[in-house]
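To start, the structure under review is shown below, and the notes come after it.
In this note's numbering, the protein residues as written are -14 to 197.
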């Protein structure tokens, strides 16, 4: 079996890389997204990326280092919609309605694996992969913190009550999105996820203006 790691990111003295690094990273991202870290072998990676073992080690150093880059690629490419919607110039309820409905579409795209690469990744892993578990947990926390910041802005602008429990509401919608991601992985249709999103918006604090 081909080894999955090498020490210290050592680089060979061969010819300069002749592959498209961005394209190779996107291929690795898709594979990790679809199969998870432990479910993706080294041989699967180099086949999907279209590179040799030596090119892999020269360019990425190790499977774990590649995974970190794949997560960054996901956040900047496939996951960019999340933060873009949170920055919309709209009332807070509209932003969260857009967020949940967009999730239904993004989690069921035909051209990408179902669900969200971050939502359920590395929630269960071997003790040797604790670093990856912590990495993914930090990304999930970052997303929830971003939602909390947007809710806090809603309180400041007056479209959420001053007594809103920001932490609990952010946690609720974070849980809703992660649950929708799991549903998508299990084969739920876009229409089903849109219905879940609609019901989820019924938890919005009472008395606030609702979008048409």
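Built from N, CA and C at the ideal position, the CB exists for glycine as well.
In the three-state reduction of the DSSP assignment, residue 90 falls in the helix class. Within the same chain, Cβ atoms closer than 8 angstroms to the Cβ of residue 11 are found at 58, 62, the five residues on either side in sequence being excluded. A buried status is given to residue 36, since no fewer than 16 other beta-carbon atoms sit within 10 Å of its beta-carbon. For residue 32, the enclosing alpha helix (DSSP H) begins and ends at 27 to 34. In the three-state DSSP reduction, residue 128 falls in the helix class (H, G or I). In the three-state DSSP reduction, residue 37 falls in the coil class, being neither helix nor strand. Using a Cβ-Cβ distance cut-off of 8 angstroms, the stretch 101 to 116 and the stretch 22 to 29 are in contact, since at least three pairs of beta carbons, one from each stretch, lie closer than that value. Sequence-distant partners of residue 33 (beyond 5 residues in either direction) whose C-beta falls short of 6 angstroms from its own C-beta, in its chain, are 12, 16. Contact between the stretch 152 to 163 and the stretch 121 to 138 is present, with at least three C-beta pairs closer than 8 angstroms. Restricting attention to 18, 190, 47, the CA atom closest to the CA of residue 96 is found in 18. For residue 145, no alpha helix (DSSP H) segment is defined, and its DSSP state is neither H nor E. In this structure, the CA atom of residue 77 is about 31 angstroms from the CA atom of residue 107. In this structure, residue 166 sits near residue 92, with a CB-CB distance shorter than 9 angstroms. Sorting 191, 188, 187, 183 by C-alpha distance to the C-alpha of residue 86 places 183 at the top. Judged by DSSP secondary structure, residue 7 falls within the alpha helix (DSSP H) whose first and last residues are 6 to 20. Within the same chain, 155, 156, 159 come within 7 angstroms of residue 129 by CB-CB distance, once the 5 residues on both sides are set aside. Between the C-alpha atoms of residue 161 and residue 104 there is a straight-line separation of about 11 angstroms. Residue burial is scored here from C-beta neighbours: residue 109 has fewer than 16 other C-beta atoms within 10 angstroms and is therefore classed as exposed.
Taking C-alpha positions only, residue 51 is separated from residue 169 by approximately 26 angstroms.
Classified as buried, residue 43 has 16 or more neighbouring CB atoms from the shown chains inside 10 Å of its CB.
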